[in-house]
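A short worksheet on the structure shown next.
Chains as they are written, first to last, in the numbering used here: chain V, 601 to 967; chain A, 80 to 279.
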C-alpha cells in the first residue's frame with residue numbers, strides 16, 4: 601500500500617516538479633520500493649500522454665529531411681567504429697566483395713545524387729548556426745547587462761551596508777560606553793549596598809540591645825507597678841488615716857465649740873422628766889435627747905425653743921413626740937432663724953404642728 | 080506541408096511493441112526504422128513542443144535535436160522503464176522547458192516582457208473538426224479522459240506539463256495554496272491514469 605504522501609510525490613515527480621532535498625529523499629525511497637517504482641512508471645506514462653492534449657500541429661516536411669541529414673552525418677562519423685566480420689567467413693569473401701562492389705556503386709550513385717541536397721542542408725544548418733550564434737550573442741549581451749546591473753546593485757547594496765555598518769559600530773561604541781557607565785553605577789550601588797548592609801547589621805545589633813533593654817525595663821516596670829500598687833494602697837490607707845485624724849481633730853475642735861445644755865423638768869407632777877440638748881453653732885443644728893416625758897394627746901406636739909438675746913422671742917426649733925411607753929426621744933433639730941448666742945433651751949407643749957410663738961406650758965428648761 | 084499519418088489502428092500494446100522494435104532497429108543503425116518512428120512520433124512531439132515554446136522555429140529545433148538524440152542514444156532505451164513515446168516526449172519536453180525558462184530569464188533581463196508573452200495562461204483551444212480528424216486514437220482518448228476531470232485539475236495538469244513552472248509558480252499562477260495545487264495534480268493524474276486504462 602502506497603501512502604498518500606508518496607502518491608503525491610510520485611505525481612509531482614512524474615512532471616519533474618520535485619527539487620532539491622525533496623527530490624533526493626523521494627528518489628531514495630523510490631530505489632527501495634518496487635511498488636512505488638511501478639506507480640511512478642505508470643504516472644510518467646500518463647503524464648506523457650498529456651502531450652496529446654496540445655493543439656494538433658504538423659511539422660514542416662523539411663524537418664524530416666533535416667533530421668535525417670543530421671542522423672546521416674552522425675552515422676558517417678560512427679562508420680569508422682564499425683566492427684569488421686570475423687575470419688571464419690572468408691568463404692563468403694568473393695560474394696561479399698561482389699556485393700560490396702555492387703552496393704558501393706549504388707551507394708556512390710546515391711551519394712552523388714544526395715550530395716547536392718546535403719550541401720543545401722549543410723548551408724541551411726550553417727545559416728541556422730549563425731542565427732543561433734547571433735541569438736547566443738544577444739543572450740550573452742543581455743546577461744552581461746544584467747550582470748552589470750546586478751554588480752551595480754551589489755555595489756550600492758555594499759555601500760549601504762558599509763554605511764549601516766558604520767552606524768552600527770557607532771551604536772556599538774555608544775552601547776559600550778553606556779555599558780561601562782552602567783557597570784560603574786552597578787559597582788557604586790554595590791558599595792552602597794555593602795554599606796547599607798553594614799548599617800543594617802549595626803542597626804539590628806542596636807535594635808537587639810534595645811529589645812533586651814526594653815525587656816529589662818518592662819520587667820522593672822512590672823516590679824515597680826507591683827510596688828506602686830502597694831504604695832498606693834499604703835497611701836490610700838494613710839490618706840484614710842489622715843482623714844480620720846482630721847475628722848477626729850475636727851470633731852475635737854467642734855466639740856470645743858458645742859453648746860451642751862441639760863434641761864430640767866418644769867412639771868411638778870413629773871419631776872423625773874429631763875433632757876440634754878447639744879448645739880453645734882457652726883452647723884446651726886442640734887440634738888435633743890429626752891427621757892420620761894409623758895405621751896401627748898393626738899392633737900398636741902412638744903416644741904423646742906432656742907433663746908437668743910438678739911431676738912425678742914425664743915426661736916422655733918421644731919416639734920417632736922416621744923415614745924409612749926418610755927417617754928423618750930432623740931431628735932435632731934434646727935433653729936428657724938440663725939442664732940449666735942444661746943442663753944437657754946426650752947420645750948413646751950403646743951398644738952399639733954407647733955406654733956410660731958410659745959403658747960403652752962413649759963415642760964423642760966435648761967440654761 | 081505534409082499531412083500527418085492516419086491514426087494508428089493498432090491497439091496500445093501492439094503499438095508499443097512496434098515502437099520498441101523500431102527502437103531496437105534504430106539502435107542497430109536502421110535509418111528506415113528511424114524514419115518510420117519519425118513518422119509515428121513527429122506529429123504529437125511537434126505539437127507538444129509548439130504548445131510549450133509557442134514558436135514554430137524553436138519547436139522544429141527541439142524536435143530535430145530530440146530525434147538526433149534518439150538516434151544516438153537508442154541503444155540505452157529500455158522497454159521496462161517505459162514506452163518509447165514517453166522516452167522521446169520527455170526529451171522534447173525537457174528541451175522545450177529549458178528554452179522557455181531561458182526565454183523567461185531573457186525577458187526578465189530585458190524587462191520588457193510580460194508572462195503572456197511567454198505563452199502561459201492560454202488554455203489549449205479545442206481542436207477543429209479537421210484537427211480532430213487528424214488526431215490519432217491516442218489523442219482522442221487522452222482528450223476525452225482529460226475532459227472528464229474537474230476544470231481545476233485540468234488546469235493544474237496543463238500547467239504542470241506544458242508550463243515549465245515550479246510547484247510554487249503554479250500555485251501563484253492559480254492563486255491557490257501550494258498544498259491545494261499538489262493535491263489537484265495528484266488526484267488529476269491518478270484519475271487520468273485510471274481513465275486512460277479503461278479507454279486504451
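Glycine included, each C-beta is placed from N, C-alpha and C at the ideal position.
task = Could you confirm whether any beta carbon from chain A is found closer than 9 Å to the beta carbon of residue 654(V)?
result = yes
ask   = Taking just the CA atoms, how far does residue 612(V) sit from residue 623(V)?
value = 10 Å
task = Check whether the Cβ atoms of residue 654(V) and residue 123(A) lie closer than 9 Å to each other.
result = yes
key: Rounded straight-line distance, which links the Cα of residue 888(V) to that of residue 920(V)   = 10 Å
task = Could you tell me how far apart the beta carbons of residue 646(V) and residue 101(A) are, in whole angstroms, since I believe they sit closer than 8 Å?
result = Actually they are not in contact, since the Cβ atoms of residue 646(V) and residue 101(A) sit about 22 Å apart, beyond 8 Å.
task = Return helix, strand or coil for residue 613(V), following the three-state DSSP convention.
result = helix
task = Pair every Cβ in the segment 852-868 of chain V with every Cβ in the segment 952-966 of chain V, then say whether three or more of these pairs are closer than 8 Å.
result = yes
message = Considering just the uninterrupted stretch of the beta strand (DSSP E) at residue 932(V), what are its terminal residues?
response = 929-934
ask   = So what does DSSP say about residue 872(V), is it helix, strand or coil?
value = coil
query = Among residues of its own chain, excluding the 5 on either side of residue 948(V), which ones have a beta-carbon nearer than 8 Å to its beta-carbon?
reply = 902, 903, 905, 958, 959, 960, 961, 962, 963
key: Beta-carbon proximity list for residue 936(V), same chain, < 7 Å, skipping 5 on both sides   = 915, 916
ask   = What are the start and end residues of the beta strand (DSSP E) that includes residue 940(V)?
value = Neither: residue 940(V) is in no beta strand (DSSP E) and is coded neither H nor E.
key: Alpha carbon of residue 764(V) to alpha carbon of residue 228(A), nearest angstrom   = 55 Å
ask   = Among 273(A), 127(A), 129(A), which residue has its Cα nearest to the Cα of residue 223(A)?
value = 273(A)
request  = Consult DSSP for residue 865(V) and reduce its assignment to one of helix, strand or coil.
outcome  = strand
ask   = What residues in the segment 236-255 of chain A bring their beta carbon closer than 9 Å to a beta carbon of chain V?
value = 236, 237, 239, 240, 241, 244, 245, 246, 249
message = Please report whether the beta-carbon of residue 80(A) lies at a distance below 9 Å from any beta-carbon of chain V.
response = Caution is warranted here: a pLDDT of 34 is assigned to residue 80(A), below 50, making its placement in the model unreliable, and the coordinate value is therefore given only provisionally. Yes, its Cβ sits closer than 9 Å to a Cβ of chain V.
inquiry  = From the DSSP secondary-structure annotation, give me the bridge partner or partners of residue 877(V).
reply    = 861(V), 888(V)
key: residue 659(V) burial status per 10 Å Cβ neighbour count (16 or more: buried)   = buried
request  = Reducing DSSP to helix, strand and coil, say where residue 925(V) ends up.
outcome  = coil
request  = Please report how far the alpha carbon of residue 195(A) lies from the alpha carbon of residue 757(V), in whole angstroms.
outcome  = Below a pLDDT of 50, predicted positions are generally treated as unreliable, and residue 195(A), at 41, falls in that range; the measurement from the model is reported next regardless. Looking at the two C-alpha atoms, the distance is approximately 32 Å.
task = Please name the residue, chosen from 656(V), 652(V), 663(V), that lies closest to residue 136(A) on a Cα-to-Cα basis.
result = 663(V)
task = Count the other CB atoms, across all protein chains shown, that sit within 10 Å of the CB of residue 140(A); report buried if there are 16 or more and exposed otherwise.
result = buried
ask   = Are the segment 634-648 of chain V and the segment 111-118 of chain A touching, with three or more C-beta to C-beta distances below 8 Å?
value = no
request  = State buried or exposed for residue 261(A), treating a residue as buried only when at least 16 other CB atoms are found within 10 Å of its CB.
outcome  = buried
message = Suppose you measure from the CA of residue 729(V) to the CA of residue 92(A); what does that come to, to the nearest Å?
response = 40 Å
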